[in-house]
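Note sheet for the following structure.
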Amino acid sequence: MIENQKIKPVQVVGPLGEPLTIDDLPKPGTTRWVVRRKAEVVAAVNGGLLSVDEVCDRYDLSLEEFASWQRRIQHYRDLYERQQKY
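All the letters of the sequence shown, read from the start, carry residue numbers 1083 to 1168 under the numbering used here.
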């Protein structure tokens, strides 16, 4: 059943446009979450490097906490894009 298997990329585009791999992500057990680290984890999920479940397990996050990261990162992205238009 190949269609049920997920093929994960080796790298994705990070929040600043740089290549991002599993090794570039914050280490499991990270407790100090600055915006850059959150953005890297969100980019990893958005790019398919890790699933939401894998991220929640790896960093001991609730689904709600990770969802709040996604919303905040999207908010920052929207602000940045609006500023670039003017």
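Built from N, CA and C at the ideal position, the CB exists for glycine as well.
Leucine 1107 - DSSP class collapsed to helix/strand/coil:
In the sequence shown, residue 1107 corresponds to position 25, counting from 1. Here leucine 1107 sits in coil by DSSP.
If you drop the 5 nearest sequence neighbours on each side, which residues of the same chain put their C-beta closer than 6 Å to that of tryptophan 1151?
In the sequence shown, residue 1151 corresponds to position 69, counting from 1. Answer for tryptophan 1151: Lys1120 and Val1124, listed in chain order.
Give the range of the beta strand (DSSP E) segment to which valine 1094 is assigned.
Numbered from its first residue, the sequence shown carries residue 1094 at position 12. 1093-1095 is the extent of the beta strand (DSSP E) around valine 1094.
Got a sec, what are the start and stop residues for the alpha helix (DSSP H) valine 1124 sits in?
Here the question's residue 1124 lines up with position 42 in the sequence shown. First-last of the alpha helix (DSSP H) with valine 1124: 1117-1129.
Leucine 1098 to leucine 1161, Cα distance in whole Å?
Counting from one through the sequence shown, the residue named residue 1098 turns up at place 16. Counting from one through the sequence shown, the residue named residue 1161 turns up at place 79. For leucine 1098 and leucine 1161, the distance between alpha carbons rounds to 15 Å.
Could you give the residue range of the alpha helix (DSSP H) that holds serine 1133?
Position 51 of the sequence shown holds residue 1133. Premise fails: serine 1133 is in no alpha helix (DSSP H) and is neither H nor E.
Starting from lysine 1167 and walking both ways along the alpha helix (DSSP H), at which residues does that stretch end?
Taking the first residue of the sequence shown as position 1, residue 1167 is located at position 85. Its alpha helix (DSSP H) spans residues 1145-1167.
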